[in-house]
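Student: Chains as they are written, first to last, in the working numbering: chain H, 245 to 677; chain Z, 9 to 297.
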Amino acid sequence: MIMRPVINVENISKQYRLGLVGTGTLKDDLYRWWYRVQGKEDPLLKVGEVNDRSKKGTSDYVFALKDVGFDVAQGEVLGIIGKNGAGKSTLLKVLSRTTSPSTGRIRIKGRVASLLEVGTGFHPELTGRENIFLNGAILGMTKHEITRKFDEIVDFSGVERYIDTPVKRYSSGMYVRLAFGVAAHLESEILIVDEVLAVGDIEFQKKSLGKMGEVSRQGGKTVLFVSHNMISIGSLCNKLLVMKHGQVDFHGDVKEGLNYYINHMQHVIESSDLSESLKSLPEDEYFELLDFDLQQEQSDGVVFLSSRPIKVCYRYRIKKRITGLRVGFDFIEQKSEMTLFTVFHDDSYKTIEPWQEGVYTSEAIIDANLLREGSFIINIAVCIHNVRWIINGQLKVPLEVRNIEGITPIYGFEKRPGFLLPPIAWRNEPAGD
Amino acid sequence: MNSEKNQFAEDWDMVIEPRSSLFSLNLREVWGYGYLLMMFVRRDLVSVYKQTILGPLWFFIQPLLTTITFTIIFGNIAKISTDGLPQVLFYMSGITLWNYFSDCLTNTSNTFTVNASIFGKVYFPRLVMPLSRAISGLAKFGVQFLLFVGFLVYYTLNGSNVHPDLPGILWVTPVVVLILAGLALGLGLILSAMTTKYRDLFFLITFGIQLLMYATPVIYPISSMDEKYRWLIQANPISWLVEAFRHVYLGAGELSLPGLAYSFGVMALILVFGIVVFNRVEKTFMDTV
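1. So who's on the other strand from Gly572(H), going by DSSP bridges?
2. What residues in the region 327 to 352 of chain H have a beta carbon less than 8 Å from any beta carbon of chain Z?
3. Taking only the alpha-carbon atoms, compute the straight-line gap between Leu268(Z) and Leu383(H) and give it to the nearest angstrom.
4. I'd like the list of long-range same chain contacts for Ile352(H), defined as Cβ closer than 6 Å, with 5 residues on each side in sequence excluded.
5. Which whole-angstrom value is the C-beta distance of Val571(H) and Ile622(H), which I expect to be below 8 Å?
6. Under the DSSP definition of a beta bridge, which residues are partnered with Asn252(H)?
7. For a test of the three-state rule: what should DSSP assign to Pro598(H), helix, strand or coil?
8. For the region 121 to 133 of chain Z and the region 93 to 111 of chain Z, state whether three or more C-beta atom pairs, one from each stretch, are separated by less than 8 Å.
9. Taking contact to mean at least 3 C-beta pairs separated by less than 8 Å, is the region 619 to 634 of chain H in contact with the region 528 to 539 of chain H?
10. If you measure between the beta carbons of Thr75(Z) and Tyr99(Z), is that distance less than 9 Å?
11. Please name the residue, chosen from Pro71(Z), Gly92(Z), Ile81(Z), Val54(Z), that lies closest to Ile168(Z) on a Cα-to-Cα basis.
12. Would you say Phe377(H) reaches chain Z, if we count a Cβ-Cβ gap shorter than 9 Å as a contact?
13. DSSP three-state call for Lys393(H): helix, strand or coil?
14. Can you find the residues in the same chain that come closer than 8 Å, C-beta to C-beta, to Val256(Z), ignoring five residues on each side of it along the sequence?
15. By the 10 Å Cβ neighbour count, where 16 or more other Cβ atoms means buried, how is Leu300(Z) classified, buried or exposed?
16. Quick check: is the beta carbon of Lys483(H) nearer than 9 Å to any beta carbon in chain Z?
17. Can you find a C-beta in chain H that's less than 9 Å from the C-beta of Arg5(Z)?
18. How about Lys298(Z): is its C-beta nearer than 9 Å to some C-beta of chain H?
19. Taking Cβ positions, are Val362(H) and Phe424(H) nearer each other than 9 Å?
20. Would you mind telling me which residues of chain Z sit closer than 8 Å to Thr466(H), beta carbon to beta carbon, in chain order?
21. Which residue comes first and which comes last in the beta strand (DSSP E) that contains Arg632(H)?
22. Following the continuous beta strand (DSSP E) through Asp537(H), name the residue where it begins and the one where it ends.
23. In three-state terms, what does DSSP make of Ile376(H)?
24. List the residues of chain Z whose Cβ lies closer than 7 Å to the Cβ of Thr386(H), in chain order.
25. Residues of chain H with CB under 9 Å from Phe127(Z), in chain order?
26. Take every Cβ of the region 624 to 641 of chain H, pair it with every Cβ of the region 560 to 570 of chain H, and state whether three or more of those distances are shorter than 8 Å.
27. Determine the closest residue to Pro249(H) out of Gly313(H), Arg646(H), Leu525(H), Trp599(H), with distance taken between C-alpha atoms.
28. Could you name the residues of the region 358 to 373 of chain H whose beta carbon sits closer than 7 Å to any beta carbon of chain Z, in the order they occur along the chain?
29. What residue from Leu135(Z), Tyr206(Z), Tyr57(Z), Tyr41(Z) has the CA that sits closest to Asn287(Z)'s CA?
30. Could you round the C-beta distance between Gly194(Z) and Gly282(Z) to whole angstroms and report it? I think they count as a contact, below 8 Å.
31. Give the DSSP-derived three-state secondary structure of Leu309(H) in the structure shown.
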């Protein structure tokens, strides 16, 4: 039997203008307007290219989504996965109507509630009770529904004692629990959820995920769920949509999809980007880097868990006997461009051993529970000690680190400060009198 | 597969498309969000009150101080006519109306920029937001209006030259407030739609509201205007409202039915235009804010 599709997406594209919205906009606006007056198609919609952030484009316009189409059947729990910038968030925004598509059509059967953030519209001066009603109304609940679910929401979030206190006096945990409590009790047929579960502690994440799973299994509710967390996608979803460069790369069964994502995405990084760059390196008379790879159990080669070690692997050929070779990397935090640490496989600066010709491998291990969540770059560096650089700056490999099962990722409302998040041993004892 | 799909055709609750037709105003949808509207009004009222020590007293202090200032500067120093009315009542009547208009206009004209964080995360008809602002503004207006009535009673009992016209008050008050609210909301909608893309307008708005006040008979009566320039003031739809208001409450000023009809017409035009422009922008503003 074919389940009735409740969401039908046809050829959705979304175009964005890059750069600043400023003086140029008026010119383009007039240009578009002039074409529209003449009854012609918008000329700037033809401009633009597939959104690949790693490559520099030639046009000011890009497509964050390009010809995206799929159906979602009733009761399906569809996971949406993809690299940063693959169009996941834009797709959710279009589906939840916070922005409209440039072309295409979406048809939806049933009430939609979208949860791109918990606690949207919470007002710090209002009490917990008032905020439940306000937030519920913003999310599209009627007064009757909120009243009926009120006790359940309070119960779920465990803030009963504070329900008539302004939420500005809540602890951050209480705040998030209350906000998610409202969202978890939405009575819509379709629920769209962004990575909102990343906030809150592990216990709460489990509880919320459990609630979501329960809702979709019992209520025949359709859920769209964006996440980087392959584990929770695997356990919650039955279908998967893999996004790449604003297009649908895979749509189908979740197990098959996760396999595809793991194998394919890694393949893409290696074959298209890195091996190209490897080939384009200037030839060196002593040294040739054959392969470079970042490895982690169950990782896709781009997104890594902070709770497991990351293996940095090199394979290279020594063409002529050489002394004082150093193979290593700089580890750089992407936003601040701050170098966190540099590693050379041979860390004693006095050792200048000779290397015979042949193929070698080197491995460095970045410890588990060392990094905080964030975007990092590995800058591959190879040199002959005290003589010259062989590779430095030509090969930069991006990696995303996610903290899903490591140390509590949030600290108050904010992410924990800093780029490193190693467990620090604490000992607390009663000191006596 | 296709036939099975077709069996569900035309059975969709919602269609999302790039551009809707010019006049799909979604007013019915706004109506469906009446409860949300109520909650926003409540939030505005409660939160304003909660953040201050003096609370709603501020609603009194501001018009009182403005009235005193106007009485000193325009009444006693510049000696501008007040149609023979007590200066305090004359200025206060104008200020009460004007304050509502200017508050309402400023509070709605920044709808998109102020609410970008909410609008980016959840959908509801955006019109609910400025509507709630216009309604919660009525509370402040009500308080200031009571202050004005208090002074009016005091002056009447003391035998000043004021002649309230009770039957007139009953129908003119709601009509004037409604037209004023519509004008402020309509203009606010147009401005909010434009400021999302062109921030320059923000600088113009505060300045423009100030200028507009001088083109409205707030600190002078229309009758004191030179015949040659009177049409300029009369072209301003708010002028008719202030004059009608003064006529029924104080007994001076002009209550003109054609004038009120003109104000209503302009209001209706601006409001409809405002809603159309606003609805067009609400679909894409997240990309430009």
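Even glycine gets a Cβ: it sits at the ideal position worked out from N, Cα and C.
Tutor: With the structure as the only source:
1. Phe588(H), Ala625(H)
2. Lys337, Val338, Leu339, Ser340, Arg341, Thr342, Thr343, Ser344, Pro345, Ser346, Thr347, Gly348, Arg349, Ile350, Arg351, Ile352
3. 41 Å
4. Ile251
5. That pair is no contact at about 13 Å.
6. Asp315(H), Arg351(H)
7. strand
8. no
9. yes
10. yes
11. The residue asked about is misnamed: residue 168(Z) is Ser in this sequence, not Ile. Per the Cα distances, Gly92(Z).
12. yes
13. helix
14. Pro172, Asp173, Gly176, Ile177, Val180, Thr181, Leu263
15. One cannot answer for residue 300(Z) here, as it falls past the ends of chain Z, which runs 9 to 297.
16. no
17. In this structure chain Z extends from 9 to 297, so residue 5(Z) is not present and cannot be described.
18. Any property of residue 298(Z) remains undetermined from this structure, which presents chain Z solely from 9 to 297.
19. yes
20. Within 8 Å Cβ-Cβ: nothing; Thr466(H) doesn't reach chain Z, min ~13 Å.
21. 632 to 646
22. 531 to 539
23. helix
24. Tyr43
25. Thr342
26. yes
27. Gly313(H)
28. Ser358, Leu360, Glu361, Thr364, Gly365, His367, Glu369, Leu370
29. Leu135(Z)
30. 4 Å
31. strand
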